[in-house]
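Report on the structure given below.
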Amino acid sequence: MFPDVETIVVGAGVVGLAVARSLAEAGHEVMVLEQHELIGSETSSRNSEVIHAGIYYPPGSLRARLCVRGKELLYRFCAENSVSHAPCGKLIVATQEGQLPKLAALKATAEKNGVTDLQPIGGNAARALEPELACVAALVSPSTGIIDSHGLMLALQGHVEAHRGSVILRCPVERIERTARRHFRLITGGDAPGSVSSANLVISAGLHASKLAATLSYGGGYRPPETYYAKGQYYALSGTSPFKRHIYPMPDGAWLGLHATVDIGGRCKFGPDIEWIDDLDYSFVPEKLDKFLDAIRSYYPGLDTSRLHPDYTGIRPKLYREGEPVPDFAIHGPEKHGAAGLVALYGIESPGLTAALAIAEMVAGMLPGSRGISE
Ligand SMILES: Cc1cc2nc3c(=O)[nH]c(=O)nc-3n(C[C@H](O)[C@H](O)[C@H](O)COP(=O)(O)OP(=O)(O)OC[C@H]3O[C@@H](n4cnc5c(N)ncnc54)[C@H](O)[C@@H]3O)c2cc1C
C-alpha cells in the first residue's frame with residue numbers, strides 16, 4: 000500500500016513553511032496541514048519580527064548555530080524573493096555603570112557564536128546615533144534587522160506550491176497513528192474530517208507540538224517533552240519613531256528585556272514582557288502599563304505616555320517552567336524517539352523566526368532523500 004503523500008508537515012507557521020519549502024525543493028512530495036484558515040496565525044504573526052544576530056545564546060547550542068546560519072540564509076532569501084526587510088541594526092544598552100561587565104560578557108558570547116561585528120561605544124556616541132536614548136554605554140549590532148514576517152511566509156508558501164507541494168488550511172490534525180506498513184496516518188477534524196497517510200512526518204505545530212506528538216505511541220520509553228507557555232505583550236507608540244535602530248536593554252536570564260523595535264513601516268513598539276500562563280490566552284492586560292513605563296523610561300526618559308497604545312500579545316512555547324534551567328531547541332529525529340521518518344520540533348521560541356531557514360535545512364537533512372512514494 001502506498002501512502003497518500005510522501006511527506007506531511009503539520010503547521011503552517013514560519014518554521015513549518017520553511018521546512019516544507021526545503022523538502023519540496025529536495026524533491027519530496029509535500030503537503031502542509033494547518034488548522035487555521037490563514038497561514039501564520041499563531042506565534043509567527045505575534046512576535047517582534049527582529050532578525051536576530053545570534054548574540055545571546057550559549058555557544059555551540061542549536062539556538063546559537065541556527066540563529067547565525069538562519070540570519071545569513073534569511074537576508075539572502077529576502078533579497079532574492081523581494082521580502083520586505085531592513086538591516087536596521089540595534090543597540091544593546093547599559094543604563095547603569097553596574098551593567099558594564101554584563102555588556103562585555105555579551106560581546107564575548109557573541110564572538111564565540113561567530114558574531115564578530117559588535118562595536119562597543121560610550122554613552123555620548125550612542126546618543127549621537129540615537130539622540131532620544133539614555134545610556135552609559137552600548138553595543139552596536141549592525142547585522143540585526145527587521146522583517147515582514149507575513150511577507151516571508153507568503154514567499155515560502157509560494158516556493159512550496161511552485162514545487163507541486165500544497166498547503167491545506169482549516170485542517171486540524173487530531174491524532175497520529177502508525178499503519179501496519181509503518182506509515183503515518185493523520186486523523187483530521189474540522190469541516191471535512193478524514194484521514195491522510197504519509198511516509199514521512201514533520202510536527203512543526205508550535206504551541207501544540209507536545210500535545211499532538213503525544214497522540215502517537217513510541218517504543219523505548221520515549222515521551223515528547225512538555226510545552227509550557229509564557230505570554231508577552233506589546234505597546235505601540237503612535238507617530239514618528241524616536242529611534243532608527245532597535246534598542247535592547249540588558250537581558251534578564253533568557254528574557255531579552257522590554258525592548259523598543261522599529262518595524263518595517265517605521266513604527267515603534269515596546270515589549271514583550273513575560274508572564275507565565277497555564278492556558279493559551281492572548282488577552283491584553285492594561286494593568287501592566289506602569290511596569291512598562293518604568294522599563295521604557297530607563298532608556299527613553301522622554302517617553303510621552305499619551306502616545307502609547309495597547310498593541311498585541313504573543314505566547315512563547317517553552318520547554319521549561321519559570322525558574323528552571325533553559326533548554327535548547329528540541330529537534331527530535333528517529334535516533335531520539337525511534338520512529339523512522341518522523342521529525343518533531345519542540346520549544347521553537349525566539350530566535351525561531353530568524354532561524355527558520357536553518358532549522359529547515361537541518362530537518363531536510365534528517366529525513367531520507369525523496370525516493371518517490373514507496374511501499
Ligand atoms: C512574543 C514573541 C516575540 C518573538 N520575537 C521574535 C523575534 O523578534 N525574532 C525571532 O527570530 N523570533 C521571535 N520569536 C519567535 C518566533 O516567533 C517563533 O520561533 C516562530 O514564529 C515559531 O514558528 P513555528 O512555525 O514553529 O510556530 P507557529 O507560528 O506557532 O506555527 C505553528 C502552526 O501549527 C499549527 N498547528 C498546531 N497544531 C496543529 C494541528 N494539530 N493541526 C494543524 N495545525 C496545527 C498552528 O495553527 C500554527 O499555525 C518571538 C516569539 C514570541 C512569542
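FYI, in numbering that gives the first Met the number 0 the residues of the sequence shown are 0 to 374. Beta carbons: idealized from backbone N, C-alpha and C, even for Gly.
Which two residues bound the contiguous alpha helix (DSSP H) that contains residue i?
{"i": "Glu-321", "result": "Counting along the chain, Glu-321 falls outside any alpha helix (DSSP H), and DSSP gives it neither H nor E."}
{"i": "Phe-291", "result": "288 to 296"}
{"i": "Arg-20", "result": "13 to 24"}
With a CB to CB cut of under 6 Å and the five nearest residues on each side skipped, what residues in its chain are close to residue i?
{"i": "Ala-354", "result": "Leu-65, Cys-66 and Gly-69"}
{"i": "Met-361", "result": "none"}
{"i": "Ala-235", "result": "Lys-268, His-308 and Asp-310"}
{"i": "Ser-194", "result": "Arg-184 and Ile-186"}
{"i": "His-336", "result": "Tyr-217 and Tyr-221"}
{"i": "Gly-332", "result": "Val-342 and Met-365"}
{"i": "Phe-81", "result": "Going by the sequence as given, residue 81 is Ser instead of Phe. For Ser-81, where only same-chain residues beyond five positions count, there are no Cβ hits under 6 Å."}
{"i": "Ile-375", "result": "This structure cannot settle anything about residue 375, because the visible part of the chain is limited to 0 through 374."}
{"i": "Leu-22", "result": "Thr-6, Val-29 and Ala-363"}
{"i": "Gly-219", "result": "Gly-337"}
{"i": "Trp-254", "result": "Ile-273"}
{"i": "His-51", "result": "Cys-66, Pro-350 and Thr-353"}
Can you tell me where the beta strand (DSSP E) with residue i in it begins and where it stops?
{"i": "Ser-165", "result": "165 to 167"}
{"i": "Pro-316", "result": "307 to 317"}
{"i": "Thr-384", "result": "Outside the shown range of the chain, which is 0 to 374, sits residue 384, and nothing can be said about it."}
{"i": "Val-8", "result": "4 to 9"}
{"i": "Val-29", "result": "29 to 32"}
{"i": "Arg-45", "result": "No beta strand (DSSP E) holds Arg-45; DSSP gives it neither H nor E."}
Below 9 Å between beta carbons: does that hold for residue i and residue j?
{"i": "Asp-327", "j": "Pro-57", "result": "yes"}
{"i": "Gly-10", "j": "Glu-33", "result": "yes"}
{"i": "Gly-205", "j": "Gly-12", "result": "yes"}
{"i": "Ala-85", "j": "Ile-145", "result": "yes"}
{"i": "Gly-313", "j": "Gly-26", "result": "no"}
{"i": "Val-4", "j": "Ser-197", "result": "yes"}
{"i": "Val-201", "j": "Ala-19", "result": "yes"}
{"i": "Met-249", "j": "Ile-120", "result": "no"}
{"i": "Val-14", "j": "Met-30", "result": "no"}
{"i": "Gly-164", "j": "Glu-286", "result": "no"}
{"i": "Thr-115", "j": "Ala-107", "result": "no"}
{"i": "Gly-238", "j": "Leu-257", "result": "no"}
{"i": "Leu-279", "j": "Tyr-227", "result": "no"}
{"i": "Leu-102", "j": "Ala-137", "result": "yes"}
{"i": "Arg-315", "j": "Ser-282", "result": "no"}
{"i": "Leu-16", "j": "Leu-211", "result": "no"}
{"i": "Asp-303", "j": "Phe-291", "result": "no"}
{"i": "Leu-344", "j": "Ala-329", "result": "yes"}
{"i": "Glu-79", "j": "Ser-148", "result": "no"}
{"i": "Gly-252", "j": "Val-325", "result": "yes"}
{"i": "Ala-125", "j": "Leu-117", "result": "no"}
{"i": "Tyr-298", "j": "Thr-94", "result": "yes"}
{"i": "Phe-242", "j": "Glu-129", "result": "yes"}
{"i": "Ser-40", "j": "Ile-263", "result": "no"}
Please confirm whether residue i has its beta-carbon closer than 9 Å to some beta-carbon of chain D.
{"i": "Ala-343", "result": "In the displayed structure, chain D is absent; only one protein chain is listed."}
Residues in its own chain within less than 8 Å of residue i by CB, not counting five upstream and five downstream?
{"i": "Glu-225", "result": "Ser-209 and Leu-318"}
{"i": "Arg-45", "result": "Tyr-281, Tyr-311, Thr-312, Gly-313 and Ile-314"}
Who pairs with residue i in a beta bridge, going by DSSP?
{"i": "Leu-73", "result": "According to DSSP, which records beta bridges pairwise, Leu-73 is partnered with nothing at all."}
{"i": "His-331", "result": "Ala-343"}
{"i": "Thr-187", "result": "Val-172 and Gly-193"}
{"i": "Asn-64", "result": "A small fix is needed here, since residue 64 is Arg in this sequence, not Asn. Paired residues: none, contrary to the question."}
{"i": "Arg-177", "result": "Phe-183"}
{"i": "Ile-276", "result": "Tyr-228"}
Skipping 5 residues on each side, what residues in its chain have a beta carbon closer than 7 Å to that of residue i?
{"i": "Gly-88", "result": "Val-139, Ser-140, Pro-141, Thr-143 and Arg-244"}
{"i": "Ala-63", "result": "Gly-53, Tyr-56, Pro-57 and Asn-112"}
{"i": "Arg-174", "result": "Ile-186 and Thr-214"}
{"i": "Gly-265", "result": "Ser-240"}
{"i": "Glu-36", "result": "Leu-168 and Arg-169"}
{"i": "Ala-357", "result": "Leu-65, Arg-68, Gly-69 and Leu-72"}
{"i": "Gly-122", "result": "Cys-134, Val-135 and Ala-136"}
{"i": "Ile-38", "result": "Ala-11, Leu-16, Met-152, Gln-156 and Val-166"}
{"i": "Glu-321", "result": "Trp-275"}
request  = Identify every run of the beta strand (DSSP E) within the segment 192 to 273, keeping only runs that are complete inside it and at least 3 residues long; order them along the chain.
outcome  = Whole beta strand (DSSP E) segments, 3+ residues: 193 to 202, 227 to 236, 245 to 247, 258 to 261 and 267 to 270.
query = Could you give the uninterrupted runs of the alpha helix (DSSP H) lying entirely in the segment 82 to 170, keeping only those of 4 residues or more?
reply = Runs of the alpha helix (DSSP H) lying entirely within the segment 82 to 170 and spanning at least 4 residues, in chain order: 99 to 111, 122 to 128 and 148 to 161.
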